[in-house]
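Sequence lines, in order, name chains V and S.
Quick note on numbering: our numbering labels position 97 of the first sequence as 132, and the sequence is numbered without any gaps.
Quick note on numbering: our numbering labels position 338 of the second sequence as 398, and the sequence is numbered without any gaps.
Presented below is the structure to which this report refers.
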Amino acid sequence: MATTFSPISVFAARLMPKEQRFVSGHRACQGCAEALAVRMVHSILGRNTIVASATGCMEIISSSYPDTAWTVPWIHVAFENAAAVASGVEAGLSILMKKGKIPQRKIQVVGMGGDGGTADIGLQSLSGAMERGHDMIYICYDNEAYMNTGIQRSSSTPYGASTTTSPAGSLSIGQHTWKKNIPMIMAGHKIPYVATASPSYPFDLAQKVKKAAKVKGPAYLHIYACCPTGWRMKPDMAVQIGRLAVETGVFPLYEIEQGVLRITHKTPELRPLKEYTKHQGRFRHLDDATLEEIERRVLDEYRKLERREGLAL
Amino acid sequence: MERRIGMEASIAMAEAVGLCDADVVSAYPITPQTHIVEHLSELVANGELDANFVPVESEHSAMSVCCGSSAAGARTYTATSSQGLALMHEILFIAPALRLPIVMAVANRSLSGPISIWNDHSDIMAERDIGWIQVFVENAQEAIDLTIWSFRIAEDKRVSLPTIVNFDGFILSHMIEPVLMPDREQVQDFLPPFEPLQRLDIDNPVSMGPVGIPDVYTEAKYVQHKLLTDAYGPIVETFGELEKHFGRKYRPVETYRADDADVLLLTMGALGETAMTAVDERRKRGQKVGLIKLRLFRPFPYKDLLNAIGDKPVLGVMDRAVSFGGPVGPVASEVKAALFSARKHPLVPEFIVGLGGRDTSIADFHSIFDDLFEAAERDTTPDPRFVGLRE
Numbered sequence: 036m037a038t039t040f041s042p043i044s045v046f047a048a049r050l051m052p053k054e055q056r057f058v059s060g061h062r063a064c065q066g067c068a069e070a071l072a073v074r075m076v077h078s079i080l081g082r083n084t085i086v087a088s089a090t091g092c093m094e095i096i097s098s099s100y101p102d103t104a105w106t107v108p109w110i111h112v113a114f115e116n117a118a119a120v121a122s123g124v125e126a127g128l129s130i131l132m133k134k135g136k137i138p139q140r141k142i143q144v145v146g147m148g149g150d151g152g153t154a155d156i157g158l159q160s161l162s163g164a165m166e167r168g169h170d171m172i173y174i175c176y177d178n179e180a181y182m183n184t185g186i187q188r189s190s191s192t193p194y195g196a197s198t199t200t201s202p203a204g205s206l207s208i209g210q211h212t213w214k215k216n217i218p219m220i221m222a223g224h225k226i227p228y229v230a231t232a233s234p235s236y237p238f239d240l241a242q243k244v245k246k247a248a249k250v251k252g253p254a255y256l257h258i259y260a261c262c263p264t265g266w267r268m269k270p271d272m273a274v275q276i277g278r279l280a281v282e283t284g285v286f287p288l289y290e291i292e293q294g295v296l297r298i299t300h301k302t303p304e305l306r307p308l309k310e311y312t313k314h315q316g317r318f319r320h321l322d323d324a325t326l327e328e329i330e331r332r333v334l335d336e337y338r339k340l341e342r343r344e345g346l347a348l
Numbered sequence: 061m062e063r064r065i066g067m068e069a070s071i072a073m074a075e076a077v078g079l080c081d082a083d084v085v086s087a088y089p090i091t092p093q094t095h096i097v098e099h100l101s102e103l104v105a106n107g108e109l110d111a112n113f114v115p116v117e118s119e120h121s122a123m124s125v126c127c128g129s130s131a132a133g134a135r136t137y138t139a140t141s142s143q144g145l146a147l148m149h150e151i152l153f154i155a156p157a158l159r160l161p162i163v164m165a166v167a168n169r170s171l172s173g174p175i176s177i178w179n180d181h182s183d184i185m186a187e188r189d190i191g192w193i194q195v196f197v198e199n200a201q202e203a204i205d206l207t208i209w210s211f212r213i214a215e216d217k218r219v220s221l222p223t224i225v226n227f228d229g230f231i232l233s234h235m236i237e238p239v240l241m242p243d244r245e246q247v248q249d250f251l252p253p254f255e256p257l258q259r260l261d262i263d264n265p266v267s268m269g270p271v272g273i274p275d276v277y278t279e280a281k282y283v284q285h286k287l288l289t290d291a292y293g294p295i296v297e298t299f300g301e302l303e304k305h306f307g308r309k310y311r312p313v314e315t316y317r318a319d320d321a322d323v324l325l326l327t328m329g330a331l332g333e334t335a336m337t338a339v340d341e342r343r344k345r346g347q348k349v350g351l352i353k354l355r356l357f358r359p360f361p362y363k364d365l366l367n368a369i370g371d372k373p374v375l376g377v378m379d380r381a382v383s384f385g386g387p388v389g390p391v392a393s394e395v396k397a398a399l400f401s402a403r404k405h406p407l408v409p410e411f412i413v414g415l416g417g418r419d420t421s422i423a424d425f426h427s428i429f430d431d432l433f434e435a436a437e438r439d440t441t442p443d444p445r446f447v448g449l450r451e
């Protein structure tokens with residue numbers, strides 16, 4: 036495997052900001068790429084940030100009273116409303132600044148949730164917050180199932196994946212629906228900035244986080260978050276799997292800035308899908324015919340994305 | 061100087077919120093709450109209230125936005141009704157646990173099904189245990205006074221709990237009544253600027269809403285119960301302040317011609333006014349009936365209630381909601397629980413009144429009083445009665 040995998044030569048930890056806002060001591064599983072992504076995002080966003088988190092993995096692993104992994108102000112209210120809570124924080128801060136009740140300065144409000152809290156139960160609240168134009172970032176950390184409750188399927192679970200509520204069986208291939216495309220739904224809200232990112236591509240991620248923070252109005256980031264526990268894979272492969280997801284076209288990296296799409300990591304020759312699926316127990320049951328069917332659709336979706344590049348959506 | 065004007069209760073309430081200089085108002089439209097939030101949007105649109113009006117996509121998000129803005133340190137208001145309150149249910153429990161002093165008006169309305177936009181107390185009786193301070197008002201003046209008071213008590217640092225002003229949908233919310241509207245200066249004298257217990261502040265970061273493991277959950281709930289129970293003292297104290305500033309007296313439990321009454325009826329909300337008229341009519345006939353009006357519903361004013369009841373032999377309780385398959389009347393159930401520890405307690409006939417906008421007339425109250433005298437005479441409690449039921 037190591038010989039066929041492109042080395043992560045560009046990654047140099049010293050180029051990322053040293054000061055952490057999401058600190059060690061939390062309770063995430065070994066190899067959790069979601070925790071890795073959260074750490075990267077907040078080391079980039081820095082001190083002047085307030086976080087509203089949905090219920091989910093990142094909330095339970097980071098906030099078990101009396102401990103906290105957060106050195107920036109953080110609030111958790113419930114599962115499906117992180118975007119609404121974040122929009123409330125933004126509305127509160129902006130009027131207090133306008134009325135001179137707190138000092139005038141840039142404070143970045145960030146809402147965050149998993150794929151369940153974003154694509155399923157929190158979609159309405161997210162849509163409302165984005166549509167209202169609050170100056171905030173919403174970040175979905177997508178580990179493609181309800182991992183916190185024990186690996187149940189969400190609308191973000193990929194086709195063919197076996198989960199505890201979409202189990203592979205004699206009559207089922209596992210998840211039988213295609214992954215819901217939340218970034219494009221967000222783009223449909225005509226917000227100034229939408230991007231996909233992955234902690235396996237830290238500089239691409241850093242650029243996008245900075246852009247999201249810079250825009251006036253809502254920004255949406257959809258971050259790929261490999262979950263070794265839920266995907267039934269080796270914890271030390273999380274970063275590699277994240278790169279393979281991009282190189283096979285499963286999770287393309289792109290951004291939509293003021294409605295114009297740009298693929299930020301171009302992969303003209305997609306790797307065979309099997310290189311991605313073979314390491315993950317959730318796809319182990321899939322036969323060659325099914326994998327080929329998935330590969331055709333992944334390619335088809337990727338080519339569609341390429342055709343949309345540079346066009347105003 | 062206060063102005064004497066005629067005004068719809070909803071508009072009066074919105075004006076009061078404006079006088080309190082709320083920072084954030086977040087709401088979703090639902091009948092019969094709409095006039096409050098429409099008027100608040102107008103105040104914001106015309107620059108008469110310097111606030112962020114956040115027009116959300118649901119009541120669930122309205123309460124979520126309120127949690128966020130209150131946690132940011134902003135004075136926060138919302139209003140809802142019925143299905144909207146039910147949709148907020150999940151978040152209603154979280155606001156007091158986070159000690160967020162949000163103020164909310166509930167224009168009380170029935171719950172579906174069948175769907176009904178009209179007035180009763182089904183919505184709020186389903187939210188008794190959410191941990192908010194709750195008061196009921198009877199007329200537009202009380203709606204003004206207790207809205208202003210709600211910010212004061214909610215934001216009192218000894219309390220720091222969200223507060224609901226219950227006011228009956230349509231039969232109060234849409235009534236035009238003469239009111240004394242205070243001016244901004246008067247309100248400012250009564251209501252100090254909001255200084256939150258804690259806020260989301262980048263210079264003093266806190267984590268709010270952490271996981272409560274079994275080691276701490278019981279203690280967290282105990283503290284919450286104690287806070288709401290202990291809010292009673294500051295509530296009475298600030299009622300006194302309200303009286304000092306505005307000249308109108310409020311008590312957790314209020315009575316009308318109850319001292320020398322032979323039978324008592326307990327009411328909550330706007331129907332208390334109709335009941336008073338019926339009491340006056342009975343008194344003219346020489347029959348001693350009296351009223352107890354439950355103003356403060358949470359924290360439940362046990363002692364005041366027992367004092368008001370005294371040793372009267374019969375206490376009818378009017379309910380405007382049904383606890384299905386259970387105690388029938390939720391308020392009666394609470395009143396009976398309060399009486400259980402008393403050495404001697406009255407008969408407590410229950411009356412389900414005015415569900416889903418069914419008109420409750422003075423004649424209906426007379427039929428209730430008849431039942432109360434009959435109960436006293438026979439010394440037995442009749443079965444709960446759905447007043448005006450067509451069979």
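Glycine residues also receive a C-beta, built at the ideal position from the N, C-alpha and C atoms.
N-terminal and C-terminal residue of the alpha helix (DSSP H) that residue i is part of
i: residue 185 of chain S; result: 182-185
i: residue 290 of chain S; result: 274-290
i: residue 92 of chain V; result: 92-97
i: residue 422 of chain S; result: 422-438
i: residue 217 of chain V; result: 217-222
Bridge-paired residues (DSSP) for residue i
i: residue 138 of chain S; result: S:164
i: residue 87 of chain S; result: S:115
i: residue 242 of chain S; result: BP columns for residue 242 of chain S are empty, so no partner.
i: residue 358 of chain S; result: S:194
Beta-carbon neighbours of residue i, restricted to chain V and to distances below 8 Å
i: residue 265 of chain S; result: 105, 106, 107, 108 and 109
i: residue 84 of chain S; result: 123, 126, 127 and 130
Residues of its chain near residue i, where Cβ-Cβ distance is below 7 Å and the 5 sequence neighbours each way are ignored
i: residue 131 of chain V; result: 137
i: residue 61 of chain S; result: 243
i: residue 38 of chain V; result: Since pLDDT at residue 38 of chain V reaches only 41, below the 50 mark, its modelled position is unreliable, and no value is offered.
i: residue 40 of chain V; result: Summary for residue 40 of chain V: the model assigns pLDDT 47, below 50, so the residue's position carries little reliability; its value from the coordinates is reported in the next sentence. Closer than 7 Å at the Cβ level, and outside the excluded window around residue 40 of chain V, lie 275.
Listed by chain order, chain V residues near residue i by CB distance under 7 Å
i: residue 127 of chain S; result: 112, 120 and 123
i: residue 131 of chain S; result: 110 and 124
Continuous beta strand (DSSP E) stretch holding residue i: start and end
i: residue 223 of chain S; result: 223-228
i: residue 101 of chain S; result: Where residue 101 of chain S is concerned, there is no enclosing beta strand (DSSP E), although the alpha helix (DSSP H) it sits in stretches over 94-105.
i: residue 347 of chain S; result: Run containing residue 347 of chain S: none; DSSP gives neither H nor E here.
i: residue 378 of chain S; result: 374-379
i: residue 235 of chain S; result: Taken as a continuous stretch (DSSP letters only), residue 235 of chain S belongs to no beta strand (DSSP E), as it is neither H nor E.
i: residue 68 of chain S; result: 63-68
i: residue 257 of chain V; result: 254-259
i: residue 78 of chain V; result: Unbroken run through residue 78 of chain V is the alpha helix (DSSP H), 68-80; no beta strand (DSSP E).
i: residue 109 of chain V; result: 109-111
i: residue 289 of chain V; result: 289-292
Beta-carbon separation (whole angstroms), residue i vs residue j, contact threshold 8 Å
i: residue 159 of chain V; j: residue 119 of chain S; result: Not quite, the Cβ-Cβ distance comes to about 12 Å (not below 8 Å), so this is no contact.
i: residue 293 of chain V; j: residue 227 of chain V; result: 6 Å
i: residue 379 of chain S; j: residue 411 of chain S; result: 7 Å
i: residue 77 of chain V; j: residue 62 of chain V; result: Going by Cβ atoms, the distance from residue 77 of chain V to residue 62 of chain V rounds to 17 Å, so no, they are not a contact pair.
i: residue 178 of chain S; j: residue 144 of chain S; result: Actually they do not touch by this definition, with Cβ atoms about 15 Å apart.
6 Å CB neighbourhood of residue i in its chain, flanking five on each side removed
i: residue 206 of chain S; result: 195, 197 and 225
i: residue 120 of chain V; result: 87 and 112
i: residue 346 of chain V; result: none
i: residue 93 of chain S; result: 139, 140, 141 and 167
i: residue 216 of chain S; result: 294
i: residue 82 of chain S; result: 111, 135 and 137
i: residue 278 of chain V; result: 235
Residue i: contacting residues in chain V (beta-carbon distance under 9 Å)
i: residue 272 of chain S; result: 99 and 100
Own chain partners of residue i with C-beta closer than 8 Å, once the 5 adjacent residues on each side are dropped
i: residue 315 of chain S; result: 350, 351, 352, 353 and 368
i: residue 166 of chain V; result: 224
i: residue 334 of chain V; result: 284 and 305
Contact list for residue i against chain S, beta-carbon separation under 8 Å
i: residue 163 of chain V; result: 116, 117, 118 and 121
i: residue 160 of chain V; result: 117, 118, 120, 121 and 124
Amino acids of chain S, ordered along the chain, whose beta-carbon sits closer than 7 Å to that of residue i
i: residue 248 of chain V; result: Within 7 Å Cβ-Cβ: nothing; residue 248 of chain V doesn't reach chain S, min ~14 Å.
i: residue 87 of chain V; result: 128
i: residue 83 of chain V; result: 262
Closer than 7 Å: residue i CB and nearest the ligand FAD heavy atom
i: residue 412 of chain S; result: This structure simply doesn't include the ligand FAD, nor any ligand for that matter.
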